[in-house]
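Worksheet: one structure, shown below.
In our numbering, the protein residues as written are 291 to 363.
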């Protein structure tokens, strides 16, 4: 095991089931968390949230394998 620690937060499908107010509050929380974590990964399967983030990585399945389709950093 590595003795190195990582300051990363990973969140999966955090917008699912939220109304507009809940989505806006979640984005405010994420902005708050930016000061406390080096890296935040948010996984979502809808295009609607893509524009809300500075950096995005789109993964697509091709032939049963996942590959990076697009990275905007």
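The beta-carbon is built from N, C-alpha and C at its ideal position, and this holds for glycine as well.
With residue 317 and residue 348 assumed to form a contact (beta carbons below 8 Å), what rounded beta-carbon distance in angstroms separates them?
-> That belief does not hold up - the Cβ atoms of residue 317 and residue 348 are roughly 19 Å apart, past 8 Å.
Quick one: what's got a C-beta closer than 6 Å to residue 301's C-beta in the same chain, skipping five residues either side?
-> The residues are 332.
Any idea what DSSP makes of residue 316, helix, strand or coil?
-> Looking at residue 316 - three-state DSSP - the assignment turns out to be helix.
Spell out the partners DSSP gives residue 302 in its beta bridges.
-> Looking at the DSSP assignment, residue 302 forms a beta bridge with 333.
Helix, strand or coil at residue 356 according to DSSP, with G and I counted as helix | The three-state reading of DSSP puts residue 356 in strand, counting E and B together.
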